[in-house]
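Read the sequence shown against the numbering used here and you will find it ends at 859, with the numbers running on by one and no gaps.
Beta carbons: idealized from backbone N, C-alpha and C, even for Gly.
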Amino acid sequence: MRWIPGAAAADVDPAERGPAAEGLAAFLLSLHMPAEAGVPVNPFRGVPLTDRDSGVAERLGDRERYPQTAALGAVWAQACTADAGDGPAMMLHGDLHPGNILLAEDGTLAGVIDFGDVGAGDPAVDLAVAWLMFDAGARQRVIDAFGPAVQGDTWMRARAGLSSCPPPC
691 MRWIPGAAAA DVDPAERGPA AEGLAAFLLS LHMPAEAGVP VNPFRGVPLT
741 DRDSGVAERL GDRERYPQTA ALGAVWAQAC TADAGDGPAM MLHGDLHPGN
791 ILLAEDGTLA GVIDFGDVGA GDPAVDLAVA WLMFDAGARQ RVIDAFGPAV
841 QGDTWMRARA GLSSCPPPC
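Dropping the structure here:
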């Protein structure tokens, strides 16, 4: 049942997703506000990367599924040494990927769906969508849209966070 017009970004060629970059960044900028006390924390998403280290190591051991194990492991190791920040937990979508993003006919953002994992934590988990959704140029536009609101180590954690969520990511 379609309630919101648009196509899932997962069904759109990655080269055609670029027009959604600024809209998705604006959505995240409005969502990522400090979470109030009592907002649930997902045990897998939005947690410190080091909490997911054993799970990621296990997944990266599957060389058939992840042929670039060495490169992925290097990104993961670097991100695990990144500053986790000392700010408050932020509100998160928690499951932001191309299947949960709807695009209008012109490629701009039409909507974001599936808020089943909404909670509090590290916004890097949502920012990982910049790598899942976009080519390098559109990804840079997303990063630029955040300006100083997101610091470098958060982007490093976002890049590595792609491999930290439990299957079937």
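In three-state DSSP terms, what is residue i?
{"i": "LEU786", "result": "coil"}
{"i": "MET723", "result": "coil"}
{"i": "GLY801", "result": "strand"}
{"i": "ILE833", "result": "helix"}
{"i": "ALA700", "result": "helix"}
{"i": "THR740", "result": "helix"}
{"i": "VAL765", "result": "helix"}
{"i": "THR844", "result": "helix"}
{"i": "THR771", "result": "coil"}
{"i": "GLY728", "result": "coil"}
{"i": "PRO757", "result": "coil"}
{"i": "ARG707", "result": "coil"}
Ignore the nearest five residues each way along the sequence and tell me which others in residue i's own chain have a CB closer than 6 Å to its CB.
{"i": "PRO730", "result": "GLY809"}
{"i": "ALA697", "result": "LEU793"}
{"i": "LEU799", "result": "ALA710, GLY713 and LEU714"}
Does the separation of the CB atoms of residue i and residue j fall below 8 Å?
{"i": "PRO813", "j": "MET846", "result": "no"}
{"i": "GLY736", "j": "GLY784", "result": "yes"}
{"i": "LEU714", "j": "VAL840", "result": "no"}
{"i": "PRO788", "j": "ALA700", "result": "yes"}
{"i": "LEU782", "j": "ASP804", "result": "no"}
{"i": "GLY801", "j": "GLU706", "result": "no"}
{"i": "PRO778", "j": "ALA727", "result": "no"}
Which whole-angstrom value is the C-beta distance of residue i and residue j, which I expect to be below 8 Å?
{"i": "ALA710", "j": "LEU793", "result": "6 Å"}
{"i": "LEU739", "j": "CYS770", "result": "5 Å"}
{"i": "PRO704", "j": "ASP807", "result": "Actually they are not in contact, since the Cβ atoms of PRO704 and ASP807 sit about 23 Å apart, beyond 8 Å."}
Using a Cβ-Cβ cutoff of less than 8 Å, which residues in the same chain neighbour residue i once the five nearest sequence positions on both sides are dropped?
{"i": "TRP821", "result": "ARG829, ALA848, ARG849 and LEU852"}
{"i": "ARG753", "result": "THR759"}
{"i": "GLN768", "result": "MET846 and ALA850"}
Provide the residue(s) that pair with residue i in DSSP beta bridges, ordered along the chain.
{"i": "LEU817", "result": "In DSSP, LEU817 forms no bridge with anything."}
{"i": "GLY809", "result": "LEU782"}
{"i": "LEU750", "result": "Looking at the DSSP assignment, LEU750 forms no beta bridge with any residue, so it has no partner."}
{"i": "ILE694", "result": "Looking at the DSSP assignment, ILE694 forms no beta bridge with any residue, so it has no partner."}
{"i": "LEU793", "result": "ALA697 and LEU799"}
Under 7 Å Cβ to Cβ from residue i, same chain only, skipping five residues before and after it: list those, please.
{"i": "GLU712", "result": "ARG831 and ALA835"}
{"i": "PRO858", "result": "Interpretation of PRO858 is limited by its pLDDT of 39, a score under 50 that renders its predicted location unreliable; the figure taken from the coordinates is listed afterwards. None."}
{"i": "ASP773", "result": "ASP843"}
{"i": "PRO695", "result": "ALA800"}
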